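The opening residue of the sequence shown carries number 1142 in the numbering used here; numbering runs sequentially from there.
Before any comments, here is the structure.
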Amino acid sequence: MIKKRGIAILGSTGSIGTQALEVIEAYPERFDLQVITAGKNADLLIKQALKFKPNMVVLGDESQLKAVKEALWKEDIHVYGGEEALCQVVQSTNVDLVLTALVGYAGLKPTIAAIEARKDIALANKETLVVAGQLIMNLARTYNVNIYPVDSEHSAIFQCLPGEGGNAIEKIYLTASGGPFRGYSLEQLATVTKAQALKHPNWSMGAKITIDSASMMNKGLEVIEAHWLFNLKASQIDVIVHPQSIVHSLVQFKDGSIKAQLGLPDMKLPIQYALTYPERLPTEFPRFDFAQYPQLTFEKPDFGTFTNLKLSFQALEKGGNIPCALNAANEVAVQAFIEDKISFLQIAEINGLTMERVSFVANPDLTSLVETNSMARRFAEEAISF
Ligand code: NAD
Ligand code: MG
């Protein structure tokens, strides 16, 4: 009998988190769900806890903690609140693998805590690698921890690698749907609304990543994520717009061969692969039908209009704490856009200004990244209220 893998899901109430629970539910003999956590959604967290009976739950928002405790006290489920608790629960002895499915910079410290406790990571929270790629990869090496990508593009690349032996990667192509504003000019982008930006053509995801997809920032973050995950130079990473989102990404090897991974856009497969690696388990997910997609098309991204993409490559080239600054600015700007405080084009503008203002640190440690994050947030706030 195979030993069940002990799983912690950080952000179980979100888009990735709820789909991960579906995967876990489909294979009860494989997984032992130990921990689930949420930021604010106490009601859903309670429902999930009553259904899956994890050992521990954490709610970030402590004002609702009492309700969760009351709902779960009979169940022998430990209930904790606040940020610190996230770092503690991931270190529990019965956890083997931590799925980081929370949004943004908030994922950094719990991911570090999990690696230090030698837990493998299924990484959805790409922002953590953007903020602290060097630090995270060094820690993973030191503690002999595997980081399995959940992001569909990175999972696609990861799925292309087995069997290649010494045939190293020459370059990769990250595919991008182009989002709801593909083909728009700067003039057209100037007046787009939040409602338009929140309507992704192919994927249903959390609000932050949906806005990032519309602004191409998501692809920019993914370029930096790929750099760290696969140890590639910026010049080995290309972005190609593929509106159908069927080819999830491609790898070109040193012998000139190109491999791609294809499928309907559904995050459950990459989530499942990260949770079961190196095994692949059969699924009942809907299958791709060629007749429904007579054409798969590819085009170059428009770097001049979607400047976030350009900024991301620049941040990657500059290195050090600059990607951290870009990420922080973007988190603040996206939130401000969601709150109707700024226009769509101002997101990239604020990102660019903030990146310029932050003082450069070549080899930032955690303290320095924490400082960069707060400083960049302050600069971005100032740019918004200007
Ligand atoms: P989401 O907004 O749907 O869910 C986020 C989850 O994290 C929720 O459970 C929320 O309660 C929790 N959370 C949010 N902020 C928190 C905080 N400060 N502290 C503690 N918990 C917090 O987001 P999502 O779309 O599931 O995305 C999660 C991560 O996965 C992001 O980094 C995103 O870029 C990445 N990702 C998502 C998708 C997708 O299809 N949704 C695809 C690829 C990568
Ligand atoms: Mg992706």
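By construction, the Cβ of each residue, glycine as well, lies at the ideal position given by its N, Cα and C atoms.
All values reported here derive from a predicted model rather than from experimental measurement.
Are the CB atoms of residue i and residue j nearer to each other than 7 Å?
i, j, result
"A1179", "T1154", "yes"
"A1489", "A1521", "no"
"L1249", "A1273", "yes"
"E1268", "N1462", "no"
"A1415", "A1242", "no"
"N1308", "F1394", "yes"
"A1466", "V1499", "yes"
"N1449", "M1357", "yes"
"P1251", "V1231", "yes"
"Q1385", "Y1434", "yes"
"R1259", "Y1284", "yes"
"S1390", "A1297", "yes"
Is residue i a contact residue of the ligand MG, with contact defined as CB to any heavy atom under 6 Å?
i, result
"D1379", "no"
"D1353", "no"
"S1293", "yes"
Shortest alpha-carbon distance to residue i belongs to which of the options?
i, options, result
"N1359", "F1371, S1318 and L1370", "S1318"
"F1431", "M1496, V1388, Q1455 and E1425", "V1388"
"P1342", "A1503, A1167, K1335 and S1354", "S1354"
"L1437", "K1181, G1404 and R1259", "G1404"
"S1293", "M1278, Y1418 and T1316", "T1316"
"K1441", "Y1314, K1409 and V1236", "Y1314"
"A1517", "T1508, I1165, H1295 and M1496", "M1496"
"L1327", "A1375, T1446, H1368 and L1507", "T1446"
"A1524", "S1390, T1332 and V1473", "V1473"
"F1426", "K1188, L1151, A1149 and A1167", "A1167"
"V1236", "D1443, A1149 and K1145", "A1149"
Could you give the DSSP three-state label for residue i: helix, strand or coil?
i, result
"T1316", "strand"
"E1311", "strand"
"L1261", "In the sequence on display, residue 1261 carries Asp and not Leu. Strand, per DSSP."
"F1394", "strand"
"Q1433", "helix"
"E1420", "coil"
"H1219", "strand"
"D1379", "strand"
"K1181", "coil"
"H1389", "strand"
Can residue i be considered in contact with the ligand NAD, in the sense that its beta carbon sits closer than 6 Å to one or more heavy atoms?
i, result
"D1407", "no"
"G1361", "no"
"T1154", "yes"
"K1395", "no"
"I1157", "yes"
"V1475", "no"
"G1201", "yes"
**OP:** Spell out a yes or no on whether the segment 1479-1499 and the segment 1278-1296 are touching, meaning 3 or more CB-CB pairs, one atom from each, closer than 8 Å.
**Re:** no
Original post:
Any chance the segment 1192-1207 sits against the segment 1170-1177, with 3 or more Cβ pairs inside 8 Å?
Top reply: yes
**OP:** Taking 8 Å as the threshold, find out whether the segment 1447-1458 comes into contact with the segment 1356-1372 through three or more Cβ pairs.
**Re:** yes
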